[in-house]
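Asks: Below you'll find the structure I mean.
2 protein chains.
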Amino acid sequence: MNETKQDGAGDVVEALCAVVPSERVTAAADIGEDLLHDEAIGIFGVRPLAMVAPQSSAEVAAVLAWANGTGTPVTVRGAGTGLSGGAVPEAEGILLSTDAMADIIEIDTDNSMAVVGPGVRLDQLDEALAPLGLVYPVFPGEYSSSLGGNVATNAGGMRAVKYGVTRHHVLGVEAVLASGEVITTGGKFVKATTGYDLTQLILGSEGTLAVVTQATLKLSPRLPHAATVLAPFAGMEEVTEAVPKVVASGADPMILEYIDMITLAAMGTTLGLDLGIPQEVKDTALAYLVVVLESAHEDRLEADTQGVAEQLAELGAIDVYVLPPKAATELIDAREKAFWVAKANNANEIIDVVVPRSAMPEFMNRISELASETASWIAGCGHAGDGNVHMSVFQGDPEVLADVMKRLYAIGMELGGAISGEHGLGTAKRGYFLELEDPAKIELMRRIKVAFDPNDILNPGKVL
Amino acid sequence: MNETKQDGAGDVVEALCAVVPSERVTAAADIGEDLLHDEAIGIFGVRPLAMVAPQSSAEVAAVLAWANGTGTPVTVRGAGTGLSGGAVPEAEGILLSTDAMADIIEIDTDNSMAVVGPGVRLDQLDEALAPLGLVYPVFPGEYSSSLGGNVATNAGGMRAVKYGVTRHHVLGVEAVLASGEVITTGGKFVKATTGYDLTQLILGSEGTLAVVTQATLKLSPRLPHAATVLAPFAGMEEVTEAVPKVVASGADPMILEYIDMITLAAMGTTLGLDLGIPQEVKDTALAYLVVVLESAHEDRLEADTQGVAEQLAELGAIDVYVLPPKAATELIDAREKAFWVAKANNANEIIDVVVPRSAMPEFMNRISELASETASWIAGCGHAGDGNVHMSVFQGDPEVLADVMKRLYAIGMELGGAISGEHGLGTAKRGYFLELEDPAKIELMRRIKVAFDPNDILNPGKVL
């Protein structure tokens, strides 16, 4: 078996070197361990037959045409920061790295747009945009993630309450189909009703429909002033009730997050975060709401911050803190790192279920019941403004864990939600998705997959 | 032939009465003339075999299951305000009216969302939302249009520069597939990466992929204060140069429109609009920029309006007028009615090409050249903030007209744009689309169409 595989791998390297310059190709044995998996909890790396790092859409096209002809699976890898196993290759396939397509091709200030290669990192783009007074306002937790990965998973993050998610900022892509055909969709415009929206269909498809080789991104003015308000509440219900009122105030919050007391404490222990909250407040507050406002005008920001602070006090906050800039930055950084806190504490699973934001207390209550019933431990934080709940699940027994996960997802769907708000299905949630989702939709998605990729070469075994 | 058709029609009425209550069904001869066409210029009405007005998704499902089994074309009709012939039925098919599904099912203030039937009109929804301080911020020119039609065409309008288009506000749909299967996509959440985004794929597909029977809409806070600034400029270049600067100012304009001098004059003549612009300004201004700002705070609005007015003066505006509320309303109303002005003046065609907004002057220049070269007359207005150009084409010779249209679309695409920004392809632009678009994309769209509708019963002859 092993020998056969080695032969297969040798053949594949040779074949790839015949369609792209040989320096793009890495033999199986030379691929670094780190490239064999993403950051999903409990994931195992898989060594593919070879890795290729094309430099252009033409090279991607050559690779896919060959793979399609030979039925070789192709898994695309960006920065590898995914949390669902979407970038884990097949043992009998190849890994296609976007690292060599990491140029910011254009920043177009007239149209407030950027055109980027898929390997460009969020922090790299942000650094280029800051001096121009522009921002690509999608900030998922991991700024070292690649734009290609963001497109593949429709990355979200904390600012979605104001700015929406990746889907709302990608106006077009250049993509290579499984056949090797290169298409461009959309463009530097927000409006279009010119046939089916292929951009939106490819977006969030986790590398199963096409390989994105360029993306056109909509940019926003970079507002220079921001303020952060932290409000401890007695419980989740109070936080959830406050959210629509803050939204309706017109203060246009950029971030609305909740953090439960356990997670805040863990952030303190693991990350050294100390916000100076008095012990008597900590003792009574079960849930914290974080509101971040931004503005072009410092005076307006001050007035709005004051207004939101007063509003939260009226809505029953135990106390309200307008955080000094340093503490605010630390809190948001710590919140972004919540996943790593969970990982450091040996969480067995993480979820990113999305529910209607008003359904969050019920979701949390039912999760609590489920936790006690199954002797599991579930805690977390999440995007209060958009109903995206991030929880860590601690349950050592794999069989019980699988049951807990399935029931968690089922509860989310029952409350009108979806299994994944932003991480994607990959392999980690695929089984639950196939089991819980409407079969008519699964079958329709499978027919769409066939329309793009009849030989199932693009990231097989993911999503569907 | 006629007799055969009549027999067919009788059979169809009988068949429909067997699957839905007979009061939902209208025989061919009894369908009002107005229901046989939409508002596209030069369109001819077509009388279908019958019309059915189902009251529920279950009834739509019964109709589609029957149609799919018999291979009968089904064309959906909302308010019939479309401009591309998308709602014109087939002579050998049936018309499915959404008029009996016109309930606002829910306005959910906790989640800032509304759930509506496809027959709900924009003005009906707006009337229900206003007292709640909420707005569905997509305002295409025609407020009597139906939400179902808005979803089918991904309706846009003037506020897209701030709020985006229908695509950015529809979070989920209930839809019936050609097979009669009822699916629900998305939900009351902004984020999701849970399989392919069927919502976005159905959106803008002009009734060719599924019949939408419910839509979940994202609402925004209704800002109470608005101000309108009108600035005459020497030409289109100056208008276009001013636009990104106004956007970058952080004043967050809701509307950024340009109107050419000919169209403004025609609005005066046809609609009686008089803005009191001095003759010497009219004599030198070839293009006008309209900026509308809105705010939750009157004082901030005043400051921003002042700021934008000063900015426009610095950017070379011949003069700047902050319009009194009545004149502002009249101007925006007149701008919304620009299509009717074109129709009243016997335009032979209208276009709604979208180009990158910075490419508008070049687009206009090349259109001018095309107009002189072909002895045509082309004038218009458009959404300066998003590059969506609305022009009327006057050219009496049908053969020359077809050539002019094709070249117009080709120029738009060459500049990185698309054939239709918001009206859709329907039948009016289908031929140009099929001729000018990348065949690889056309074929991919056709495979997607087959994935949804293998027997081609849903609005055949439209889009693809």
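Sequence order for the protein chains is W and C.
So the first sequence is residues 1 to 464, counted in the UniProt record's numbering.
So the second sequence is residues 1 to 464, counted in the UniProt record's numbering.
Virtual Cβ for every residue (Gly too), placed ideally from N, Cα, C.
1. Note down, in chain order, each residue of its chain lying with its Cβ closer than 6 Å to the Cβ of residue 418 of chain C, except the 5 sequence neighbours on either side.
2. Using a Cβ-Cβ distance cut-off of 8 Å, determine whether residue 168 of chain C contacts chain W.
3. Starting from residue 158 of chain C, find everything on chain W with Cβ-Cβ shorter than 9 Å and list it in chain order.
4. Run through DSSP, which three-state label would residue 258 of chain W get?
5. Quick one: complete beta strand (DSSP E) runs, 3+ long, within the stretch 2–33 of chain C?
6. For residue 32 of chain C and chain W, any beta-carbon pair shorter than 8 Å?
7. Restricting to runs no shorter than 4 residues, where is the alpha helix (DSSP H) found entirely within the stretch 267–326 of chain W?
8. Here's the rule: buried if 16 or more other CB atoms are within 10 angstroms of the residue's CB, otherwise exposed. What is residue 81 of chain W?
9. Given this structure, state the Cα-to-Cα distance separating residue 440 of chain W from residue 34 of chain W, to the nearest angstrom.
10. Helix, strand or coil: how does DSSP classify residue 168 of chain C here?
11. Please classify residue 244 of chain C: does DSSP put it in a helix, a strand, or coil?
12. Does residue 221 of chain W get closer than 8 Å to chain C when you measure Cβ to Cβ?
13. With 8 Å set as the bound, which would you pick, yes or no: does the beta-carbon of residue 56 of chain C sit closer than that to a beta-carbon of chain W?
14. Beta carbons nearer than 9 Å to chain W: which residues of the stretch 99–118 of chain C have them?
15. For a cutoff of 8 Å on Cβ pairs, would you count residue 427 of chain W as touching chain C?
16. So, does the CB of residue 239 of chain W fall closer than 8 Å to a CB anywhere in chain C?
17. Alpha helix (DSSP H) containing residue 406 of chain W: first to last residue?
18. Tell me, which residues are paired with residue 388 of chain C by DSSP?
19. Can you find a C-beta in chain W that's less than 8 Å from the C-beta of residue 6 of chain C?
20. Does chain W have any CB closer than 8 Å to the CB of residue 165 of chain C?
21. Hey, how far is the Cα of residue 218 of chain C from the Cα of residue 330 of chain C?
22. Are the C-beta atoms of residue 254 of chain C and some chain W residue less than 8 Å apart?
23. Give the residues of chain W in contact with residue 419 of chain C, contact being defined as C-beta atoms less than 7 Å apart.
24. What is the rounded straight-line gap between the Cα of residue 1 of chain C and the Cα of residue 424 of chain W?
25. First and last residue of the beta strand (DSSP E) that includes residue 106 of chain W?
26. So, is the C-beta of residue 177 of chain W closer than 8 Å to a C-beta in chain C?
27. Terminal residues of the continuous alpha helix (DSSP H) containing residue 72 of chain W?
28. Quick one: which chain C residues come within Cβ less than 7 Å of residue 190 of chain W?
29. By Cβ distance, which residues of its chain are closer than 7 Å to residue 381 of chain W, with the 5 residues on each side in sequence left out?
30. Would you kindly report the start and end of the unbroken alpha helix (DSSP H) that includes residue 200 of chain W?
31. Considering only residues of the same chain and omitting the five flanking positions on each side of residue 396 of chain W, which have a CB-CB separation below 8 Å?
32. Might you give, ordered along the chain, the residues of its own chain that have their beta carbon closer than 8 Å to the beta carbon of residue 357 of chain C, omitting 5 neighbours on each side?
33. Against chain C, does residue 306 of chain W count as a neighbour if the rule is that its beta carbon must be under 8 Å from one of theirs?
34. Could you tell me which chain C residues have their CB closer than 9 Å to the CB of residue 448 of chain W, listed as they occur along the chain?
35. Kindly confirm or deny that the stretch 197–214 of chain W and the stretch 293–309 of chain W touch, where touching means at least three C-beta pairs closer than 8 Å.
36. How should residue 86 of chain C be labelled, buried or exposed, when 16 other C-beta atoms within 10 angstroms of its C-beta is the threshold for buried?
Replies: Let me lay it out:
1. As a position in the second sequence, residue 418 of chain C is number 418, starting the count at 1. Cβ neighbours of residue 418 of chain C beyond the five flanking positions: 354.
2. Position 168 of the second sequence, counting from 1, holds the residue named residue 168 of chain C. Yes, residue 168 of chain C counts as interfacial toward chain W.
3. In the second sequence, residue 158 of chain C corresponds to position 158, counting from 1. Here the premise fails: no neighbours, minimum Cβ distance about 11 Å.
4. Within the first sequence, numbered from 1, the residue matching residue 258 of chain W stands at position 258. Residue state, collapsed to three classes: strand.
5. 25–27
6. If you number the second sequence from 1, residue 32 of chain C lands on position 32. False, the Cβ-Cβ gap to chain W never drops below 8 Å.
7. 279–284 and 298–314
8. Stepping through the first sequence from its first residue, residue 81 of chain W is reached at position 81. Buried, because 16 or more other Cβ atoms sit within 10 Å of the Cβ of residue 81 of chain W.
9. Locating residue 440 of chain W in the first sequence gives position 440, counting from the first residue. Locating residue 34 of chain W in the first sequence gives position 34, counting from the first residue. If I take the Cα positions, the gap works out to 38 Å.
10. On the second sequence, position 168 is the one that residue 168 of chain C refers to. Note: residue 168 of chain C maps to helix in three-state DSSP.
11. Residue 244 of chain C sits at position 244 when you count from the first residue of the second sequence. Residue 244 of chain C falls in the helix class under three-state DSSP.
12. To locate residue 221 of chain W, count along the first sequence from 1; it is residue 221. Yes, residue 221 of chain W lies at the interface with chain C (some Cβ there is under 8 Å from its Cβ).
13. On the second sequence, residue 56 of chain C is found 56 positions in, with the first residue counted as 1. Not one chain W Cβ lies under 8 Å of residue 56 of chain C.
14. 108, 109, 110, 111, 112 and 113
15. As a working note, residue 427 of chain W is residue 427 in the first sequence. So, not an interface residue.
16. Counted from its first residue, the first sequence places residue 239 of chain W at position 239. Taking Cβ atoms only, chain C never reaches closer than 8 Å to residue 239 of chain W, which makes this a no.
17. Here residue 406 of chain W is taken as the residue at index 406 of the first sequence, counted from 1. That run of the alpha helix (DSSP H) goes 398–414.
18. The residue you call residue 388 of chain C lines up with position 388 of the second sequence. C:354 and C:383.
19. Against the second sequence, residue 6 of chain C aligns to sequence position 6. Interpretation of residue 6 of chain C is limited by its pLDDT of 48, a score under 50 that renders its predicted location unreliable; the figure taken from the coordinates is listed afterwards. It does not: the Cβ of residue 6 of chain C has no partner Cβ on chain W nearer than 8 Å.
20. Here residue 165 of chain C corresponds to residue number 165 of the second sequence, with the count starting at 1. Output row for residue 165 of chain C: interface = yes.
21. Along the second sequence, one-based indexing puts residue 218 of chain C at 218. Along the second sequence, one-based indexing puts residue 330 of chain C at 330. Each residue's alpha carbon lies about 28 Å from the other.
22. Along the second sequence, one-based indexing puts residue 254 of chain C at 254. For residue 254 of chain C, the answer is no, since every Cβ of chain W falls outside 8 Å of its Cβ.
23. Reading the second sequence from its first residue, position 419 is the one you call residue 419 of chain C. Under the 7 Å cutoff, chain W gives 194.
24. Translated into positions along the second sequence, residue 1 of chain C becomes position 1. Translated into positions along the first sequence, residue 424 of chain W becomes position 424. Its pLDDT being 36, under 50, residue 1 of chain C is placed unreliably by the model, and the measurement read from it follows with that caveat. Each residue's alpha carbon lies about 56 Å from the other.
25. Residue 106 of chain W sits at position 106 when you count from the first residue of the first sequence. Run containing residue 106 of chain W: 104–108, per the beta strand (DSSP E) assignment.
26. Position 177 of the first sequence holds residue 177 of chain W. So, interface residue.
27. Here residue 72 of chain W corresponds to residue number 72 of the first sequence, with the count starting at 1. That residue, residue 72 of chain W, is in no alpha helix (DSSP H); it is neither H nor E in DSSP.
28. Indexing the first sequence from 1 puts residue 190 of chain W at position 190. By Cβ distance, chain C contributes 160, 164, 165 and 386.
29. Locating residue 381 of chain W in the first sequence gives position 381, counting from the first residue. Only 257, 258, 259, 260, 263, 335, 338 and 390 meet the Cβ criterion.
30. Counting from 1 along the first sequence, the entry for residue 200 of chain W is found at position 200. Element bounds for residue 200 of chain W: 198–202.
31. Counting from 1 along the first sequence, the entry for residue 396 of chain W is found at position 396. Excluding sequence neighbours, residue 396 of chain W sits near 348.
32. Residue numbering aside, residue 357 of chain C sits at position 357 when the second sequence is read from its first letter. These residues qualify, in order along the chain: 240, 243, 244, 384, 385, 386 and 387.
33. In the first sequence, the residue the question calls residue 306 of chain W occupies position 306. Output row for residue 306 of chain W: interface = no.
34. Stepping through the first sequence from its first residue, residue 448 of chain W is reached at position 448. Those within 9 Å of residue 448 of chain W in chain C are 196, 198, 201, 447, 448, 451 and 452.
35. no
36. Translated into positions along the second sequence, residue 86 of chain C becomes position 86. Residue 86 of chain C should be labelled buried.
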